[in-house]
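The next block holds one structure in the form of structure tokens; read it before the comments.
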Amino acid sequence: MGSLYAQNSPDCRTAIPVCADAPIAGVADGGGIDDFDPDFVRYSGCLEKGSNTSENIENNTSWYVFRAGKDGQIGFNIKALPVTGGPNIVTAEWDFAVYGPDVDCLAIGAGIIDPIRCNFETNDTPYTGIGINPENGEVGAPFVKQSRNTYDEWLEVQEGEIYYILINNWNTNFDDEAESFELTFTGSSVDADQNNALDCTLRDEFLGLDITVCEGDPPIVLSARNSPAGTDIANITWSVDYEDDGIIDNPNLASGPTEFEYTVTSPNAGRYFVEITTVSGTPPTVEDDILITFFKNPRWYFQEVISRDDLSDNNIVEIVMANPDGDYEFAINGGEFQDDPIFANVAPGENTVIINDKYGCGTTESIPFLVVGYPKFFTPNGDGIHDHWNVLGISTLINPVVSIFDRYGKLLKQLDETSIGWDGTFNGKPMPSSDYWFRMDYFKDASGIIVARSVRTHFTLKR
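Taking our numbering, the leading residue of the sequence shown gets 48, the next gets one more, and so forth.
Okay, here's the thing in structure tokens:
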């Protein structure tokens, strides 16, 4: 087969599916997903500006995707081509990064995922890639900054795994001109079975792989132009299942012989379908679908946390998300972020939490929350230990009043933020060992509106 027609995709989410059956004529001219925010990619291995401090990895780039058709060894060659319509000289210097297996483009753009192979070194040859340089026999080796090693180690792939390739032209980053290259797959798996080493049916999934994005991101344009039907089109119909539950919610989003594209806007998540009816009737129809998920900005449930732990500095707090469909990390009181939403050893009183979506879909402001701690028991025996019972953190509340009752509902004592606590007496007489109830009434500022709150529970007096 001859070379495939040159295409370009500047975004990982619309990466071009490729196969091992022919050289791919590629072109790079685009920005890429999220432009690889430098606040994130500086932590992403060799993407940290390569060898030269002036490098910029996000000009003249293109994304490709392949799915392994068999277990085995996969590599590729990227060959720089002469300038189109110009002199027979090569002006591009190609670099690359490979991500996988089975990663999410949004995670790549947010800097969560590091490349598994990467080469952003200065090339002394028109070739770079994975495996062996066909020009000089250079064998791929692990990435070492400024090594001038233009080839990386082979990929050992498993059937069904999906990998993304970012191809970048560094040499002409700043002239805004597209450059051409040739991409050819290599390796023992390809040598043994070129037609099946990569899963060529990926090309038939012409809407692309499932997409995850953030609410508020730019619209997503789905295209049916590259379907196996080619130009043999009688009609195109778009539909959607918003809940992805097998029930079509709108069977006719758009329909007509020229409805090649459909635009999905935030936050209209769902599984989108396209059906192409052919003129020839061979095949009668061509279909594909794609799931689009919009991650929301972090939201939270709690307003305060009531603790029942014995020790005032040993409260356990769990941050409960209102929309747990993202991938979040949490930090309290200015500490380090952690994936676990449960924190131990949280002091009573007002604390703060920051919630960050690791895919870059948003970070909350510092959210205050209240931990009100009280002992489950106290022992007013005059030994100076647990002689008084009180609500810990009460001084952080607005106009708090704690009312203590016996089990028959008789009011024994009232405490406020200035009280040292209850000493276990009523009218100067010691109260017996028993369970006692308390009700705490207070006010809370909820977005500028003062609202009344109340907590009721019990504790134990021991003698």
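Here a beta-carbon is modelled for each residue, glycine too, at the ideal position from N, C-alpha and C.
Nearest-angstrom Cα distance between residue i and residue j?
i	j	result
N166	T197	7 Å
G78	W110	10 Å
F452	N474	14 Å
N220	D76	For N220, the predicted model reports a pLDDT of 49, less than 50, meaning its position is unreliable; a value from the coordinates is still stated below. Going from the Cα of N220 to the Cα of D76 covers about 9 Å.
F190	P162	11 Å
P57	I160	18 Å
E168	F253	34 Å
T504	V367	22 Å
T465	F384	36 Å
L128	N55	15 Å
D386	Y375	7 Å
S101	N107	Residue placement at S101 is poorly supported in this model, since its pLDDT is 47, which falls under 50; the coordinates still yield a value, given next. One C-alpha to the other measures close to 16 Å.
D238	G328	37 Å
D372	I339	13 Å
I267	P304	21 Å
R486	V502	6 Å
N99	G317	Bear in mind that the predicted position of N99 carries a pLDDT of just 49, short of 50, making it unreliable; the figure below should be weighed with that in mind. Approximately 43 Å, taken between the alpha carbons.
G471	Y455	16 Å
L269	E308	5 Å
L508	P388	34 Å
P330	C59	31 Å
L300	I401	40 Å
D357	H433	Low confidence applies here, because D357 scores a pLDDT of 43, under 50, leaving its location unreliable and the question unanswered by this model.
P422	L202	59 Å
L462	P427	17 Å
K405	F377	10 Å
K126	L256	27 Å
T410	K476	55 Å
G147	E397	43 Å
A188	R195	11 Å
R114	V393	47 Å
D335	D292	17 Å
For residue i, which residues of its own chain have a beta-carbon under 7 Å away from its beta-carbon, when the five flanking residues on both sides are left out?
i	result
I323	A271, S274, A276, I280, I283, T332, V333
Q442	Correcting the residue identity first, residue 442 is Ser in this sequence and not Gln. Within the same chain, S442 has close Cβ partners E464.
P298	S286
D296	V287, D288, Y289
S480	L508, K509, R510
A67	F232, V237, Q241, A244, L245
T172	N180, E182, N183, T197
I80	D58, C59, R60, C152, I155, G156
Between residue i and the rest of its own chain, which residues show a CB-CB distance below 8 Å, the 5 nearest in sequence each way excluded?
i	result
I294	D288
I467	H435, N437
D74	One detail in the question is off: residue 74 reads as Val in this sequence, not Asp. Excluding positions up to five away in sequence, the list reads A53, Q54, N55, S109, A225, E226, S227, F228.
T399	I379, N380, G381, S413, I414, P415, F416
L459	I451, F452, D453, W469, F473, M478, Y483
Using CA coordinates, which residue listed in the options is at the minimum distance from residue i?
i	options	result
E412	E203, N344, T278	N344
V449	D488, K509, Y483	D488
S302	I80, V321, R503, C59	V321
E206	D149, D374, W436	D149
F390	E365, T410, T233, V137	E365
S236	Q120, E376, T278	Q120
N124	E182, F341, P388, A115	E182
G122	Y174, V74, P129, V137	Y174
T138	T61, F228, R195	F228
N243	A69, N398, P330, C59	A69
W285	C59, Y319, D296	Y319
P265	C408, V326, D118, D336	C408
I179	D171, R195, D199, S194	D199
D118	T61, V204, I63	V204
D482	F424, G429, K476, H433	F424
R346	E306, N403, D292, D291	N403
V326	A67, T278, G429	T278
D151	G234, I209, R164	I209
Using a Cβ-Cβ distance under 7 Å, would residue i count as near chain D?
i	result
C247	Absent from the structure is chain D; it holds one protein chain and no more.
Ordered along the chain, which non-local residues of its own chain (more than five positions away) have a Cβ less than 6 Å from that of residue i?
i	result
L444	Y489
Q350	Confidence at Q350 is low in this model, with a pLDDT of 48, below 50, so its placement is unreliable and no value can be given for it.
A62	S56, W110, Y111, V112, Y211
P447	I441, E464, Y489
I363	A391
V186	I179
N170	E140, T197
Are the segment 208-215 and the segment 148-159 touching by the rule of at least three beta carbon pairs closer than 8 Å? yes
Uninterrupted beta strand (DSSP E) stretches inside the segment 260-326 (no shorter than 3 residues): 267-270, 282-288, 297-303, 308-311, 317-324
Tell me whether the segment 247-265 and the segment 310-317 touch, counting them as touching only if at least three CB pairs, one residue from each stretch, are closer than 8 Å. yes
Would you check if there are 3 or more beta carbon pairs closer than 8 Å linking the segment 139-149 to the segment 246-253? no
Where are the beta strand (DSSP E) runs, 3 residues long or more, that stay fully inside the segment 146-231, in chain order? 164-166, 174-177, 202-204, 209-216
Please give me, in chain order, every unbroken run of the beta strand (DSSP E) with length at least 3 that falls completely inside the segment 424-465. 445-452, 458-462
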